[in-house]
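Undergrad: Provided herewith is a single structure, encoded as structure tokens, for subsequent inquiry.
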RNA sequence: GGCCUCGUAGUUCAAUGGAUAGAAUAGUAGUUUCCUAAACUGUAGAUCCAAGUUCGAUUCUUGGCGAGGCUACCA
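Numbering (the numbering used here), first residue to last: 186 to 779.
Structure representation (structure tokens):
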């Protein structure tokens, strides 16, 4: 039973004994820094049921707690706030338990744990990954890890958009202008090579359009009549018909792209339990629509197209099958969702997709509910804001995208520059140094992106790049490295037990630290509920701030008192462990030195 | 037009109905005979506007203003 539960119970007892009133729910919060106290009871809300003034009420409850709860040392009342001071032994005991527990804060998924699938990344195979994908990947990966840590069973997946007109454009341009180039012959990553031909297609297409306009066509006519677009459309038809040469080319170029993606994913540190391919799933969902048509969930229009009417829910009518009987985007999403539940026996899904598709997912979830799937109530669209540049939106055709690989490389270079200036690692060999620069550079980038609430759009300025000082990844990594340095120097067993420290007098900074440490488990649960890595990032920052203040104000290894030394080193280690664990949830590594 | 997000220090982010709105950065003033100064300690600076609900509103409601997105038989 934790302290808040004890207080909750005792406050209710106090009120019932004194005023004869039964309270339902109490509101506790951490005491603000400017007041003395550890935990605060907000008493305003009780005044509706109890006829007295807030100060009187606070005094009464406070006195009762001091008399009846061992852990409560003293209290003070400010307006409607009862600030409760907890005793040192309470904190010492709590910390002893924490320091001896394995994987503190994380909950193991039990047998009846909820199983969730998290979808993220989901790229097109006609161009390389960019900054927008980085946000998507980091969010998806981190939310998956957080859900795991909160006690759920989690599967990570992506759906690869490997078919469609966009792929044909790259294929056609390569066939036409490629001269047999390959990733090997050009020493380009496969996704970059294919992306180049996508750009090439667009260039030629634009030339053809403007030529047709010169010849007197309207812009719209020209866009439809340009020979190269017609060829691309023909290629798509050939692909759907299974024409061998087209399929072969498609396989070859997609494989190039996958090899390229794999490198990017590896560098970024994300992974997947299973990949779904649109070429396998794009026909799924039609049977479901047929069934739904019988059940009256959908209806057919005169031209044969199938629709669902969502106007009662405040949405529009939405098409689910074309008049020629082929599926649309949402049809395959319906099918894929059902397929996944079959494949993995999951009871929920998280879709990491940009907020431009808010409407799509609203509709998708509603349709699945109407079709009567129980798990449809447990679907979540992890919707995030776009990453914009100072010049506006990133556009691959205009060459304003920030390439994922290049960005990661840049971050590593910046980390190297800073590290070399500081010159603390002369005894590291080249390989160790490079590994460290990568950890720091990526740490800066990942933290920069994840600390922001997913819903908000991010303005990314490549000129100013990402900070390495202040509220940043490297700041937290640096603190971790400091702690490791202390532990290396301590050279004794950190097997703390309560008996040897129970009369220890806590320094104010130590108490602050323990309070912060105690909040970790709850932070994980909150982050999981809200699907928000930002909560983990901000928590970690607060923890680290508290540690640095402690570190600067209190001597750890320099103290003569052995108990004191042991306690402080153990406390430092506890903080270090949480940093490592929390950063693990964000997909960020921590260095032994830096 | 309709619908959905978002408007907080110069800038980048916090605060999910609670106390005097927190940080970082940029500015400014300091701290290395001492455990890693990528740190620490001061200082100055902000809730888009207007009504409403509430003991209490950055947070909830309504109406403006501003930014972005969606509104395809594309995905």
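Beta carbons: idealized from backbone N, C-alpha and C, even for Gly.
Because the structure is a prediction, the values reported are computed rather than measured.
Would you list the residues sitting across from residue 266 in a DSSP beta bridge?
TA: The residue labelled residue 266 in the question sits at position 81 within the first chain. According to DSSP, which records beta bridges pairwise, residue 266 is partnered with 227 and 263.
Undergrad: If you count every other CB in all the chains shown that lies within 10 Å of the CB of residue 206, and 16 or more means buried, which is it?
TA: To locate residue 206, count along the first chain from 1; it is residue 21. Residue 206 is exposed by the Cβ-count criterion.
Undergrad: Roughly how many angstroms separate the alpha carbons of residue 576 and residue 646, rounded to a whole number?
TA: Stepping through the first chain from its first residue, residue 576 is reached at position 391. Stepping through the first chain from its first residue, residue 646 is reached at position 461. Going from the Cα of residue 576 to the Cα of residue 646 covers about 9 Å.
Undergrad: To the nearest angstrom, how far is the alpha carbon of residue 557 from that of residue 563?
TA: As a working mapping, residue 557 is identified with position 372 in the first chain. As a working mapping, residue 563 is identified with position 378 in the first chain. If I take the Cα positions, the gap works out to 13 Å.
Undergrad: Does DSSP put residue 604 in a helix, a strand or coil?
TA: Looking up residue 604 in the first chain gives position 419. Helix at residue 604.
Undergrad: Taking only three categories from DSSP, how would you classify residue 197?
TA: In the first chain, residue 197 corresponds to position 12, counting from 1. Three-state DSSP puts residue 197 in a helix.
Undergrad: Out of 737, 311, 631 and 491, point me to the one whose CA is closest to residue 324's CA.
TA: Against the first chain, residue 324 aligns to sequence position 139. Ranking the options by Cα distance to residue 324, first place goes to 631.
Undergrad: For the beta strand (DSSP E) holding residue 574, just list the boundary residues, first then last.
TA: In the first chain, residue 574 corresponds to position 389, counting from 1. Neither: residue 574 is in no beta strand (DSSP E) and is coded neither H nor E.
Undergrad: Kindly identify the DSSP beta-bridge partner or partners of residue 300.
TA: Residue mapping note: residue 300 aligns to position 115 of the first chain, counting from 1. According to DSSP, residue 300 bridges with 338.
Undergrad: According to DSSP, is residue 528 helix, strand or coil?
TA: As a first step, residue 528 is located in the first chain; it is residue number 343 there, counting from the start. Three-state result, residue 528: helix.
Undergrad: With DSSP collapsed to three states, give me the class of residue 741.
TA: Against the first chain, residue 741 aligns to sequence position 556. Assigned with DSSP and collapsed to three states, residue 741 falls in coil, not helix or strand.
Undergrad: Identify every run of the alpha helix (DSSP H) within the stretch 448–485, keeping only runs that are complete inside it and at least 4 residues long; order them along the chain.
TA: 463–466 and 471–480
Undergrad: Classify residue 656 as helix, strand or coil using the three-state DSSP reduction.
TA: Against the first chain, residue 656 aligns to sequence position 471. Residue 656: coil per DSSP, three-state reduction.
Undergrad: Give the DSSP bridge partners of residue 355, in chain order.
TA: For this step, residue 355 is matched to residue 170 along the first chain. In DSSP, residue 355 forms no bridge with anything.
Undergrad: Along the chain, where does the alpha helix (DSSP H) that runs through residue 560 open and close?
TA: Counted from its first residue, the first chain places residue 560 at position 375. In the DSSP assignment, residue 560 falls outside any alpha helix (DSSP H), carrying neither H nor E.
Undergrad: Under the DSSP definition of a beta bridge, which residues are partnered with residue 441?
TA: Translated into the one-based positions of the first chain, residue 441 becomes position 256. Residue pairing from DSSP leaves residue 441 without any beta-bridge partner.
Undergrad: Hey, would you say residue 705 sits closer than 8 Å to residue 668, going by beta carbons?
TA: Along the first chain, read from residue 1 onward, the residue named residue 705 stands at position 520. Along the first chain, read from residue 1 onward, the residue named residue 668 stands at position 483. Going by C-beta atoms, residue 705 is not nearer than 8 Å to residue 668.
Undergrad: Quick one: what's got a C-beta closer than 7 Å to residue 193's C-beta in the same chain, skipping five residues either side?
TA: For the purposes of this step, residue 193 is taken as residue 8 along the first chain, with counting starting at 1. Same-chain partners within the cutoff: 211.
Undergrad: With distances taken between CB atoms, is the gap from residue 552 to residue 519 smaller than 8 Å?
TA: Your numbering for residue 552 matches position 367 in the first chain. Your numbering for residue 519 matches position 334 in the first chain. A distance below 8 Å separates the beta carbons of residue 552 and residue 519.
Undergrad: Is DSSP giving residue 215 helix, strand or coil here?
TA: As a first step, residue 215 must be located in the first chain, where it is residue number 30. Looking at residue 215 - three-state DSSP - the assignment turns out to be strand.
Undergrad: Does the stretch 333–342 come within contact of the stretch 295–307, defined as at least 3 CB pairs closer than 8 Å?
TA: yes
Undergrad: Since residue 537 contacts residue 567 with CB under 8 Å, what's their CB separation in whole angstroms?
TA: Counting from 1 along the first chain, the entry for residue 537 is found at position 352. Counting from 1 along the first chain, the entry for residue 567 is found at position 382. Confirmed, about 4 Å.
Undergrad: Nearest-angstrom Cα distance between residue 614 and residue 621?
TA: On the first chain, position 429 is the one that residue 614 refers to. On the first chain, position 436 is the one that residue 621 refers to. Residue 614 and residue 621: Cα-Cα distance of roughly 11 Å.
Undergrad: Go ahead and label residue 388 buried or exposed: buried means 16 or more other beta carbons lie within 10 angstroms of its beta carbon, across all protein chains shown.
TA: Translated into the one-based positions of the first chain, residue 388 becomes position 203. Counting Cβ neighbours within 10 Å, residue 388 comes out exposed, since fewer than 16 surround it.
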